[in-house]
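So the sequence shown is residues 6 to 186, counted in my numbering. Every residue gets a Cβ at the ideal spot worked out from N, C-alpha and C, and that includes glycine.
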Amino acid sequence: VPSVDVAGLLAALDGVVDGTEAVDERAHALQSGALALANGEDDALITAALLHDIARAPHVAARYPELSHERAGAAFLFPAFGARVAWLVGAHVVAKLYLLETDPAYIEHLSPESRASALVQGRSTASTRAYANHPWWEDALRLRRYDDGAKDPDLGDLPERDLIRIASALAARAPASGGER
Ligand SMILES: [Fe+2]
Numbered sequence: 006v007p008s009v010d011v012a013g014l015l016a017a018l019d020g021v022v023d024g025t026e027a028v029d030e031r032a033h034a035l036q037s038g039a040l041a042l043a044n045g046e047d048d049a050l051i052t053a054a055l056l057h058d059i060a061r062a063p064h065v066a067a068r069y070p071e072l073s074h075e076r077a078g079a080a081f082l083f084p085a086f087g088a089r090v091a092w093l094v095g096a097h098v099v100a101k102l103y104l105l106e107t108d109p110a111y112i113e114h115l116s117p118e119s120r121a122s123a124l125v126q127g128r129s130t131a132s133t134r135a136y137a138n139h140p141w142w143e144d145a146l147r148l149r150r151y152d153d154g155a156k157d158p159d160l161g162d163l164p165e166r167d168l169i170r171i172a173s174a175l176a177a178r179a180p181a182s183g184g185e186r
């Protein structure tokens with residue numbers, strides 16, 4: 006298994022801004038990962054929170070022109086980080102649609118950009134229900150909360166080195182085929 010350059014992946018998000026969001030994708034990734042870390046999540050969930058929008062990086066998006074960003078991210082991350090990271094990343098838009106439908110207060114936590122994209126992403130469907138029966142679904146909902154909370158333009162010091170170390174170590178213990186970890 007080739008070693009994974011997590012710092013390089015984060016660097017590819019530097020200066021990439023999704024629509025009207027207040028922070029760039031690198032800051033968003035670090036804030037999201039930091040929330041997962043602070044909440045005592047396992048290494049795979051922390052890594053998924055950190056890299057959930059990796060398909061916003063131009064070189065990743067270019068590899069999967071036919072896929073939505075969450076599916077592209079899952080496909081890109083699976084070989085290096087395994088099934089749990091990939092599944093959680095693949096679920097992060099479905100989790101938003103599910104929360105919009107089931108939690109009346111949830112929309113208040115969404116940025117304007119994220120509210121707008123929900124209109125395009127659609128309503129929860131049969132495939133949402135398939136996700137919701139998965140044993141990792143509650144994890145996906147927590148990741149979504151970290152994602153939504155990770156858009157603060159005024160956040161200062163973040164545990165960047167810890168996050169990179171955790172994600173790199175997870176990749177280093179990966180079985181070659183990316184099994185469950
Ligand atoms: Fe995000």
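Span separating the alpha-carbon of residue i from that of residue j
| i | j | result |
| --- | --- | --- |
| Asp47 | Leu175 | 10 Å |
| Tyr103 | Phe86 | 25 Å |
| Ala12 | Ser37 | 15 Å |
| Glu71 | Leu42 | 32 Å |
| Leu15 | Leu124 | 28 Å |
| Pro109 | Leu146 | 15 Å |
| Leu168 | Phe83 | 18 Å |
| Ala100 | Glu143 | 9 Å |
| Ala49 | Ala66 | 22 Å |
| Arg89 | Gln126 | 23 Å |
| Thr25 | Ala155 | 14 Å |
| His97 | Trp141 | 12 Å |
| Tyr111 | His139 | 21 Å |
| His64 | Ala172 | 20 Å |
| Ile75 | Thr107 | The sequence given here places Glu at residue 75; Ile does not occur at that position. Between Glu75 and Thr107, the C-alpha separation is close to 21 Å. |
| Leu40 | Val22 | 20 Å |
| Gly20 | Ala121 | 21 Å |
| Ser116 | Arg128 | 18 Å |
| Ala179 | Leu105 | 34 Å |
| Leu56 | Arg134 | 24 Å |
| Ser119 | Ala27 | 12 Å |
| Gly161 | Arg170 | 20 Å |
| Asp159 | His33 | 12 Å |
Rounded distance between the beta-carbons of residue j and residue i, thought under 8 Å
| i | j | result |
| --- | --- | --- |
| Ala54 | Tyr151 | 5 Å |
| Ala62 | Leu93 | About 18 Å separates the two Cβ atoms, so there is no contact after all. |
| Leu148 | Leu35 | The Cβ separation is near 15 Å, so there is no contact. |
| Ala208 | Ser8 | Given that the chain is displayed from residue 6 to residue 186, the structure contains no residue 208 and the question cannot be resolved. |
Short Cβ contact (7 Å threshold) for residue i with residue j
| i | j | result |
| --- | --- | --- |
| Glu30 | Asp10 | no |
| His114 | Asp157 | no |
| Tyr69 | Ala79 | no |
| Ala77 | Ala91 | no |
May I have a chain-ordered list of the alpha helix (DSSP H) segments no shorter than 4 residues that lie completely inside the stretch 98-148? 117-126, 131-137
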